[in-house]
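A.B. asks: Residue numbers (our numbering), protein chains in the order written: chain A, 684 to 759; chain B, 65 to 477.
We treat Cβ as the ideally placed atom computed from N, Cα and C, and that holds for glycine.
Shown below is the structure under consideration.
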């Protein structure tokens with residue numbers, strides 16, 4: 684699959700970056716690069732969690748096969 | 065007196081002409097077929113004279129105390145039945161009434177059946193359970209674990225009522241990240257097993273995990289979840305299935321075969337979704353650690369900068385510092401754009417470090433009025449013991465070098 688890394692994957696990579704930094708054996712240049720990568724991962728995780736719009740769809744049989752349409756539970 | 069029977073019959077206006085037997089049979093058939101009540105009718109009775117033809121079609125009589133009707137169950141429907149019919153079994157069948165002109169019989173073409181009455185239910189349930197258990201479908205070893213962070217969650221249940229509402233509400237609150245796909249299905253009645261299997265099959269290709277749910281109901285209502293075909297569909301489903309059928313005390317075959325059984329539909333929704341608030345705490349913690357680590361590393365680098373002059377010419381040093389400053393600037397901007405307050409605090413500290421990095425660099429030190437002692441070749445002299453009386457050396461100020469001679473050296477007091 685060519686999809687963007689999952690939340691799980693991003694969080695795991697972020698943890699790796701933090702661990703790499705905490706070992707303290709990286710040259711400054713490399714440490715800064717690792718930090719910036721970690722920052723990007725942090726932002727990604729943060730963004731995923733704060734996406735407010737949840738999609739809820741329902742499968743519907745249509746002439747051309749199955750399609751999805753927005754689903755609203757009736758609340759009863 | 066004339067025997068009316070003996071009177072030869074003659075066609076008369078207003079009286080129908082004689083019809084053939086075939087025509088009569090066809091007329092009955094058309095009448096039966098045209099009556100909507102006789103289509104998709106539900107009939108309860110006891111199975112007797114059950115026979116299975118070599119081709120797989122099943123023939124039996126459905127009877128009660130005072131009447132009986134012939135039934136035919138074609139092979140393709142028999143295969144989808146989900147349990148074994150037996151003589152003496154109390155069942156509800158659904159099907160269409162039809163007439164077979166060749167034998168002049170009325171038949172019920174059975175499309176689906178469910179056991180009726182506690183005894184029949186129990187017997188069919190036990191039989192299916194034993195059979196599937198023997199095949200290993202309930203083995204703990206074949207249960208899959210639920211994905212920790214599902215991106216798409218399938219919900220196979222009725223699209224009406226409280227169950228789907230509860231599940232969607234909980235998923236939306238706990239884990240708004242996921243896309244929820246509802247695959248509507250019939251959850252009771254003779255058509256339910258096939259409907260559930262179909263919903264399961266079509267949604268499986270689109271999701272990472274499936275909730276198979278139904279609210280509480282009678283034994284009869286929940287029967288479709290004891291269907292053998294549905295159990296096999298759950299077992300072979302491409303993604304893990306979590307079941308939540310009826311109340312906690314109801315255990316259906318589908319519950320046995322599901323990868324995880326939840327006591328209620330709400331519990332299923334919670335089991336399938338990580339709590340995004342907990343995750344947010346985890347992410348913020350990771351961000352905080354990231355900021356702490358880089359601060360620590362920069363701190364250590366500061367110490368090194370103090371001695372940098374030994375390895376670098378002042379031009380090279382300036383380049384290095386400017387590169388670092390640009391980089392710090394980027395990092396500070398990046399940190400500034402982050403939300404959590406924790407990290408903003410670290411941004412301030414980091415900015416402070418950036419300033420100190422400048423201040424403590426040898427060039428900034430010179431600007432504060434300090435000078436660097438060097439040999440004539442530019443090598444920094446860090447210790448008094450490195451020079452002796454009479455040596456030539458240089459002192460670097462911020463605006464140039466001064467050449468000096470060592471007059472005397474002195475051990476520290």
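#1: Mark residue 452 of chain B as exposed unless 16 or more other C-beta atoms lie within 10 angstroms of its C-beta, in which case mark it buried.
#2: Residues in the region 689-706 of chain A with C-beta within 8 Å of chain B's C-beta atoms, listed in sequence order?
#3: Please go through the same chain and pick out, in chain order, the residues whose beta-carbon is closer than 8 Å to the beta-carbon of residue 283 of chain B, but skip the five residues on each side of it.
#4: Could you list the residues in the region 234-252 of chain B with a C-beta less than 9 Å from some C-beta on chain A, going in chain order?
#5: Identify every run of the alpha helix (DSSP H) within the region 279-308 of chain B, keeping only runs that are complete inside it and at least 4 residues long; order them along the chain.
#6: Report the neighbours of residue 751 of chain A on chain B: residues whose CB is nearer than 7 Å to its CB, in chain order.
#7: From this set, B:280, B:192 and B:446, which residue's C-alpha is nearest residue 329 of chain B's C-alpha?
#8: Smallest Cα separation from residue 721 of chain A: which of A:695, A:751, A:752 and A:689?
#9: Closest by CA to residue 350 of chain B, which one among A:724, A:689 and A:713?
#10: Hey, would you say residue 318 of chain B sits closer than 8 Å to residue 250 of chain B, going by beta carbons?
#11: At what residues does the beta strand (DSSP E) containing residue 83 of chain B begin and finish?
#12: Between which two residues does the alpha helix (DSSP H) containing residue 265 of chain B stretch?
#13: Does the region 198-208 of chain B come close enough to the region 217-234 of chain B that 3 or more CB-CB pairs lie under 8 Å?
#14: Closer than 8 Å, CB to CB, is residue 745 of chain A near chain B or not?
#15: Do residue 361 of chain B and residue 707 of chain A have their C-beta atoms within less than 8 Å of each other?
#16: Quick one: complete beta strand (DSSP E) runs, 3+ long, within the region 227-252 of chain B?
#17: Could you tell me the boundaries of the alpha helix (DSSP H) in which residue 750 of chain A lies?
#18: Rounded to whole angstroms, what's the CA-CA distance from residue 195 of chain B to residue 105 of chain B? Just pull it up for me.
#19: Which same chain residues, not among the five before or five after residue 423 of chain B, have their C-beta less than 6 Å away from its C-beta?
#20: Buried or exposed, going by whether 16 or more other CB atoms sit within 10 Å of the CB of residue 101 of chain B?
#21: What does residue 212 of chain B reach in chain A if we use C-beta pairs closer than 7 Å?
#22: Just the chain A side, please: which residues come within less than 8 Å of residue 354 of chain B by C-beta, in chain order?
#23: Please give the ranges of any beta strand (DSSP E) in the region 112-199 of chain B, keeping only runs that are unbroken, at least 3 residues long and fully inside the region.
C.D. replies: With the given structure in hand:
#1: The residue given as residue 452 of chain B occupies position 388 in the second chain. Exposed: under 16 other Cβ atoms inside 10 Å.
#2: 689, 690, 691, 694, 697, 698, 700, 701, 704 and 705
#3: By 1-based counting over the second chain, the position of residue 283 of chain B is 219. So the list reads 182 and 185, once near-sequence residues are dropped.
#4: 235, 236, 239, 240, 241, 242, 243, 244, 245, 246, 247 and 248
#5: 283-286 and 292-299
#6: Within the first chain, the letter at position 68 stands for residue 751 of chain A. Those are 245, listed as they occur along chain B.
#7: Position 265 of the second chain, counting from 1, holds the residue named residue 329 of chain B. Nearest of B:280, B:192 and B:446 to residue 329 of chain B, Cα basis: B:280.
#8: To locate residue 721 of chain A, count along the first chain from 1; it is residue 38. Here the closest residue by C-alpha is A:695.
#9: Mapped onto the second chain, residue 350 of chain B falls at position 286. It is A:724 whose Cα lies nearest to the Cα of residue 350 of chain B.
#10: As a working mapping, residue 318 of chain B is identified with position 254 in the second chain. As a working mapping, residue 250 of chain B is identified with position 186 in the second chain. No, Cβ-Cβ distance for residue 318 of chain B and residue 250 of chain B is not below 8 Å.
#11: Residue numbering aside, residue 83 of chain B sits at position 19 when the second chain is read from its first letter. Unbroken run through residue 83 of chain B: none, as it is neither H nor E.
#12: Stepping through the second chain from its first residue, residue 265 of chain B is reached at position 201. Where residue 265 of chain B is concerned, the enclosing alpha helix (DSSP H) stretches over 256-268.
#13: no
#14: Translated into the one-based positions of the first chain, residue 745 of chain A becomes position 62. No, its Cβ sits nowhere closer than 8 Å to a Cβ of chain B.
#15: As a first step, residue 361 of chain B is located in the second chain; it is residue number 297 there, counting from the start. As a first step, residue 707 of chain A is located in the first chain; it is residue number 24 there, counting from the start. The answer is yes: Cβ separation under 8 Å.
#16: 243-248
#17: What you label residue 750 of chain A is simply residue 67 of the first chain in a count that begins at 1. Counting along the chain, residue 750 of chain A falls outside any alpha helix (DSSP H), though it belongs to the beta strand (DSSP E) covering 748-753.
#18: Within the second chain, the letter at position 131 stands for residue 195 of chain B. Within the second chain, the letter at position 41 stands for residue 105 of chain B. Cα-Cα distance, rounded: 31 Å.
#19: Along the second chain, read from residue 1 onward, the residue named residue 423 of chain B stands at position 359. Here residue 423 of chain B scores only 48 on pLDDT, less than 50, and its place in the model is too uncertain to base an answer on.
#20: Indexing the second chain from 1 puts residue 101 of chain B at position 37. Counting Cβ neighbours within 10 Å, residue 101 of chain B comes out exposed, since fewer than 16 surround it.
#21: The sequence position of residue 212 of chain B within the second chain is 148, counting from 1. Within chain A, the residues near residue 212 of chain B are 691.
#22: Taking the first residue of the second chain as position 1, residue 354 of chain B is located at position 290. Going along chain A in sequence order, the residues near residue 354 of chain B (Cβ under 8 Å) are 697, 700, 701, 704, 718, 721, 722 and 725.
#23: 122-127, 132-137, 154-164 and 169-179
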